[in-house]
Structure formats: structure tokens, C-alpha cells
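Participant: Once you know that position 20 of the sequence shown is 15 in the numbering used here, the rest is easy, because the numbers rise by one and skip nothing. Every residue, glycine too, gets a C-beta built ideally from N, C-alpha and C. Remember, predicted model here, so these are calculated numbers, not experimental data.
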Amino acid sequence: MPDGVDTAHESPVGPPRGRRLIDKLIVPFHSACDQGDLEVAERLLRVVELMLLRRPPAGSPDMDRRKNQDIFVAAHERLWELRHRVAERV
């Protein structure tokens, strides 16, 4: 390994662990909503939507797809409610 090379940020070899990617996107979505940054929340939600529109990986259980759709719908409802609360104040 060459001197001065930072290996702390390299991806580990092997299967991914921990949360699913969609879960990792929903957390900052809710943070953006909490902070009132609806533009960022909307962009994160678009990424989640893009993931849902793609074909699921081979062997992926349908239960995961349904759960992901439920998460997406709930997030979309939250964003809609926040936007309409802001519109009512104006």
C-alpha cells in the first residue's frame, strides 16, 4: 500500500450489511422534512421512486417490494402534508 493512501473509506469486500439502501435514503428524507427543507426531501423521494421503478433483483422477495412501496407512499404523504401546511400559511 503506497504511503499517504487513505484506505478508511474503501468499500469492504463481501455482501452488504445493515440497512437497505432505501432505508438509508428515507432517514435523510425525514431529516429534511423535519428541518423544513422540502426541496431536498422531494429530491430524495425521487431517488427512492427511481429505485422502485427498476426491476427488482433476481431472487428478491415480493414482500420487500411491497414494504418499499408502503414506505414510499408514507413518505410521499408526509411531503404532501408538509407542502399543504406551508401553502395554508401563505
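1. From 51, 37, 52 and 17, pick the residue whose C-alpha is nearest to that of residue 75; which is it?
2. To the nearest angstrom, report how far apart residue 67 and residue 82 are at their CA atoms.
3. Between residue 45 and residue 84, what straight-line distance do the alpha-carbon atoms span, to the nearest angstrom?
4. In the segment 28 to 84, which residue ranges form an unbroken beta strand (DSSP E) of at least 3 residues, counting only runs that do not cross its ends?
5. Between residue 79 and residue 40, how many whole angstroms is the CB-CB distance? I'm expecting something under 8 Å.
Facilitator: From the atom records:
1. Nearest in C-alpha terms to residue 75, of all of 51, 37, 52 and 17, is 37.
2. The straight-line gap separating the alpha-carbon atoms of residue 67 and residue 82 is approximately 22 Å.
3. Near 32 Å, if we compare the C-alpha coordinates of residue 84 and residue 45.
4. Every candidate beta strand (DSSP E) stretch fails here, since none sits fully inside the segment 28 to 84 while reaching 3 residues.
5. 16 Å between Cβ atoms; not a contact.
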